[in-house]
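Step one of this worksheet: look at the structure below.
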Amino acid sequence: MATSLEMLMNEVPRMIVNVVQILPMETLREVQKPTPGCLLQRSFCSCLVKPASDSAELKELIDINLQFQKALEQLLRTDRFFKSDFAVVLQPFLKHADPPRLPNGKIDMSFFTPDCFHFTIKGHEELAKGLWNNMFQPEGEKFMVESFSTPIQLMCPPPDHPYIYTKPSAVRSDASVPAGARLTALLFRSALVSFLFSC
Numbered sequence: 006m007a008t009s010l011e012m013l014m015n016e017v018p019r020m021i022v023n024v025v026q027i028l029p030m031e032t033l034r035e036v037q038k039p040t041p042g043c044l045l046q047r048s049f050c051s052c053l054v055k056p057a058s059d060s061a062e063l064k065e066l067i068d069i070n071l072q073f074q075k076a077l078e079q080l081l082r083t084d085r086f087f088k089s090d091f092a093v094v095l096q097p098f099l100k101h102a103d104p105p106r107l108p109n110g111k112i113d114m115s116f117f118t119p120d121c122f123h124f125t126i127k128g129h130e131e132l133a134k135g136l137w138n139n140m141f142q143p144e145g146e147k148f149m150v151e152s153f154s155t156p157i158q159l160m161c162p163p164p165d166h167p168y169i170y171t172k173p174s175a176v177r178s179d180a181s182v183p184a185g186a187r188l189t190a191l192l193f194r195s196a197l198v199s200f201l202f203s204c
């Protein structure tokens with residue numbers, strides 16, 4: 006990831022890159038459908054699906070998941086990927102997210118495609134709202150989804166700061182650029198990169 010971000014930083018000016026924190030993997034063990042895609046997942050993702058709930062293998066997977074989250078935070082909460090015309094922002098809304106559930110406690114499979122891995126349009130709508138909200142919240146005050154069982158409420162950018170938040174140091178170094186021009190360029194490129202990284 007660091008190599009890719011450095012390439013973008015060196016080659017593509019006037020850009021914001023949104024990096025979405027990975028979600029807890031353990032609960033994805035419950036995402037099951039009687040479809041060929043779900044059956045194949047047991048082979049492709051056997052390290053996640055097959056270990057017993059109290060096994061050392063599953064505990065190791067959970068620990069690695071947490072370590073990856075922490076490593077991502079450490080990598081992106083420095084000034085390494087910030088310039089006057091470039092910013093990488095970690096959007097943490099998925100960090101503690103529980104999958105959507107039905108009233109009986111089972112996973113709401115309407116959020117997942119038949120392969121039990123990708124999200125449907127319904128799922129992507131919630132992800133898009135979570136990303137949008139995080140983009141307009143400062144570091145340290147970003148909303149985190151606890152459960153997708155409750156629809157995310159889309160927020161409007163605050164009138165006193167109708168811009169995408171980046172690191173304070175990056176905002177200060179951008180002070181010489183007109184706000185309108187900066188906003189237009191950053192919004193366009195942020196949308197483009199978010200789309201490309203979601204494919």
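Quick note on my numbering: the sequence shown kicks off at 6 and runs consecutively. For each residue, glycine too, the CB sits at the ideal point set by N, CA and C.
Going by the beta-carbon positions, is the gap between residue i and residue j smaller than 8 Å?
i	j	result
GLU144	TYR168	no
LEU28	LEU107	no
GLN72	ASN139	no
LEU10	PHE124	no
LEU66	LEU80	no
Within 10 Å of its beta-carbon, does residue i have 16 or more other beta-carbons around it, so buried, or fewer, so exposed?
i	result
MET6	exposed
PRO104	buried
MET12	exposed
GLU78	exposed
ASN15	exposed
ILE69	exposed
PHE49	exposed
LYS172	buried
ASN109	exposed
ILE2	The shown model of the chain, from 6 to 204, leaves out residue 2, and the question about it has no answer.
In the DSSP output, what is residue i paired with across the bridge?
i	result
VAL24	LEU95
ILE126	Partner(s): none; ILE126 has no beta bridge.
SER152	ASP103
LYS147	Looking at the DSSP assignment, LYS147 forms no beta bridge with any residue, so it has no partner.
May I have the straight-line CA-CA distance separating residue i from residue j, to the nearest angstrom?
i	j	result
LYS88	CYS121	39 Å
Please confirm whether residue i has its beta-carbon closer than 8 Å to some beta-carbon of chain B.
i	result
VAL93	Judged by its chain identifiers, the structure shown contains no chain B, having just a single protein chain.
Checklist entry - Quick check: the region 150 to 162 against the region 129 to 136, are there 3 or more CB pairs under 8 Å? => result yes
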